[in-house]
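Residue numbers (the numbering used here): -9 to 148.
Before any comments, here is the structure.
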Ligand code: SF4
């Protein structure tokens, strides 16, 4: 899956996509965690970029929703990532995602939002200067994210 945005080539491999009636309906992005079930902005931006790629490839994304699933590693170890994806897809198609969260209490959280081309283009405008080394990184300003960050010991903000 790919798209070109200004000077950037965007490439990615999404976890799952559901088409219905010839339209892209759901992009599913699975995130595993050993700790909390917080859904961070980078996962949302990643899914939005996948939406841009799918749209750039010519698919109808007028009803596309992005489904970010945060799941505890223990659940993935127990039933496998493929099984989690199948359960989520079944839940989406039956409109029963909230019930799934209850069923897997404290081990699974689902965040759903609309694909928004304008928003993803704005985000890419901001991010691209960092990727192209035209500016340095900005701190996350999210203490929860810093808590589990791999670079925390090296980072002056962590
Ligand atoms: S510790 Fe530093 S690099 Fe890691 S999330 Fe926080 S600000 Fe970003």
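Glycine included, C-beta positions come from ideal geometry on N, C-alpha and C.
With respect to the alpha helix (DSSP H) encompassing residue i, which residues constitute its N-terminal and C-terminal limits?
i: residue 114; result: 107 to 121
i: residue 77; result: 71 to 83
Among the options, which one has its Cα closest to the Cα of residue i?
i: residue 136; options: 25, 90, 69 and 13; result: 25
i: residue -2; options: 118, 28, 148 and 13; result: 118
i: residue 129; options: 115, 21 and 148; result: 148
i: residue 71; options: 0, 23, 141 and 140; result: 23
i: residue 81; options: 66, 67 and 100; result: 100
i: residue 50; options: 62, 67, 17 and 36; result: 17
i: residue 102; options: 43, 21, 59 and -6; result: 59
i: residue 55; options: 140, 85, 0 and 133; result: 85
i: residue 12; options: 44, -7, 40 and 37; result: 44
Bridge partners for residue i per DSSP, in chain order?
i: residue 55; result: 16 and 104
i: residue 8; result: 16
Helix, strand or coil: how does DSSP classify residue i here?
i: residue 34; result: helix
i: residue 50; result: strand
i: residue 1; result: strand
i: residue 23; result: strand
i: residue 98; result: strand
Could you give the residue range of the beta strand (DSSP E) that holds residue i?
i: residue 89; result: Premise fails: residue 89 lies in the alpha helix (DSSP H), 87 to 93, not in any beta strand (DSSP E).
i: residue -4; result: Element bounds for residue -4: n/a, residue is neither H nor E.
Please tell me whether residue i has its Cβ less than 8 Å away from any Cβ of chain C.
i: residue 112; result: Here there is only one protein chain, and chain C is not present.
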